[in-house]
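Beneath this line is the structure, given in structure tokens, with notes to follow.
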Amino acid sequence: MGCRDVRELKLKLAQAAAVGQRFLDGGADRPPSSADGILADISNVLEANRALVQPEAFRAAAVALVAARMIAVFGMGGGSTTMADEMRYRLARLGRPVTTYHDSMLQRMVAATLSPDDVVVVFSVTGHVPEVIDSVTIAREPWKPISSSSRRHRATP
Numbered sequence: 000m001g002c003r004d005v006r007e008l009k010l011k012l013a014q015a016a017a018v019g020q021r022f023l024d025g026g027a028d029r030p031p032s033s034a035d036g037i038l039a040d041i042s043n044v045l046e047a048n049r050a051l052v053q054p055e056a057f058r059a060a061a062v063a064l065v066a067a068r069m070i071a072v073f074g075m076g077g078g079s080t081t082m083a084d085e086m087r088y089r090l091a092r093l094g095r096p097v098t099t100y101h102d103s104m105l106q107r108m109v110a111a112t113l114s115p116d117d118v119v120v121v122f123s124v125t126g127h128v129p130e131v132i133d134s135v136t137i138a139r140e141p142w143k144p145i146s147s148s149s150r151r152h153r154a155t156p
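Residue numbering for the sequence shown follows numbering that gives the first Met the number 0, beginning at 0 and increasing consecutively.
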């Protein structure tokens with residue numbers, strides 16, 4: 000077998016078993032995979048968020064997005080940045096004029112230049128990031144519609 004001793008034989012057998020394991024069918028009696036757990040977690044989060052949706056606020060946000068001359072989406076930090084980009088991808092696919100900003104300085108500059116026909120959408124996990132709050136405060140003056148989504152606050156138009 001080309002092994003110097005029993006120890007080397009055991010090592011080679013263990014390595015072969017580890018490599019070959021992925022090609023073996025685990026059968027129906029195997030425990031649920033981590034993919035099942037991930038899918039269950041995603042399903043639970045979607046259900047929890049669906050329960051938070053306020054139909055009237057959702058409709059108002061949709062109407063504002065359809066009517067918007069430009070849509071600016073703000074998000075800072077992991078999940079908020081990802082959600083802002085996801086919204087941009089989806090709205091761009093629908094032919095809507097949309098941009099995303101993840102930098103607080105750019106958010107404030109853009110917020111100051113928006114017109115009454117523009118809409119700002121803000122994603123924040125906590126709803127308490129001072130830089131994002133500053134950007135929203137600037138964007139709100141005096142007329143711009145704001146839609147926000149955070150873990151602590153329900154979506155608002």
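Yeah, the Cβ is synthetic: ideal placement off N, Cα and C, and Gly gets one too.
Predicted model only: the values in this text are computed from it and were never measured.
Member of the options whose CA lies at the smallest distance from the CA of residue i
i, options, result
"Thr-81", "Val-109, Gln-53, His-101 and Arg-58", "His-101"
"Arg-89", "Ala-59, Ile-70 and Val-135", "Ile-70"
"Gly-76", "Ala-60, Arg-92 and Thr-99", "Thr-99"
"Glu-140", "Ala-39, Val-109 and Leu-10", "Val-109"
Cβ separation of residue i and residue j, assumed to be a contact under 8 angstroms, to the nearest whole Å
i, j, result
"Asp-117", "Ala-67", "6 angstroms"
"Val-120", "Val-72", "5 angstroms"
Local Cβ density within 10 Å of residue i, reported as buried at 16 or more and exposed below that
i, result
"Gly-94", "exposed"
"Pro-96", "exposed"
"Arg-6", "exposed"
"Met-86", "buried"
"Val-128", "buried"
"Ala-83", "buried"
Residues sharing a beta bridge with residue i, DSSP
i, result
"Asp-117", "Met-69"
"Val-97", "Ile-70"
Residues of its chain near residue i, where Cβ-Cβ distance is below 7 angstroms and the 5 sequence neighbours each way are ignored
i, result
"Ser-114", "Arg-68"
"Ser-79", "Phe-122, Ser-123 and Val-124"
Chain-order list of residues whose beta-carbon lies under 6 angstroms from that of residue i (same chain, five-residue window excluded)
i, result
"Ala-111", "Ile-137"
"Gln-106", "Phe-73, Tyr-100 and Ser-134"
Sequence-distant residues of its chain with Cβ nearer than 8 angstroms to residue i (five each side left out)
i, result
"Ala-91", "Val-97"
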